[in-house]
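What follows is one structure encoded as structure tokens, with my remarks underneath.
Shown next as structure tokens:
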């Protein structure tokens, strides 16, 4: 447990150093759905400017963001000059892997992350990740029931594709977090620590996204 906490604080320290080094750069969020809004709220605590790319948004959503004291650069021109001004990209789960911004980011070496990755790295709970083509939600609920039975004093929560965005729970006291994660979200994870990973099954699905079953499996 001590090592886990140490690793977490080390990561935060590294992030703080990187923010200082690239203080002229800004995070970029793709999509202003529930996940995008939760990312805006989280990032408002450490940034005063953001790039946001969204196909649809409502005026009041922009007003809500500006109330957080943030300067918003909405739907900027997508080119290499923009990517050079970006510190990290947070795409919403449904954003295609070959989205123009994602392509530029990979070419220019700009980090691509997610709300799930932020939660896994910053929250101190023990984490169980559940993925697979079918049965993720029911498996998460079954694991939740089992842990509630065997560990009645533990604070257990099911997160991820179930209910509210994970960052909404970042400040909650949770002992065990059971996180449902899709293949789209899984491919955005970089070097992340968690206690247990559950792979349920792999069927020929989402090939419009992954291309082949082999790539989907990988």
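In the numbering used here, the protein residues as written are 76 to 293.
All C-beta atoms in this analysis are idealised placements derived from N, C-alpha and C, irrespective of residue type, glycine included.
Because the structure is a prediction, the values reported are computed rather than measured.
- CA-to-CA, the gap between residue 154 and residue 224 works out to about 53 Å.
- Listed in chain order, the alpha helix (DSSP H) runs fully inside the segment 121-197 are 134-142, 155-158, 175-183 and 190-197, counting runs of at least 4 residues.
- For residue 261, there is no enclosing beta strand (DSSP E); the enclosing alpha helix (DSSP H) covers residues 258-261.
- Spatial neighbours of residue 118 in its own chain (CB-CB distance under 7 Å, excluding positions within 5 residues in sequence) are listed in chain order as 102 and 125.
- Membership of residue 218 in the alpha helix (DSSP H) is indicated by the continuous run 211-225.
- 237 is the residue among 226, 237 and 105 whose C-alpha sits nearest the C-alpha of residue 257.
- Under the three-state reduction of DSSP output, residue 112 falls in the helix class.
- Residue 234 holds the alpha-carbon nearest to the alpha-carbon of residue 202 among 182, 176, 234 and 157.
- Under DSSP, residue 251 shares a beta bridge with 201 and 231.
- Cβ neighbours of residue 232 within its own chain (closer than 6 Å, five residues either side excluded): 249 and 252.
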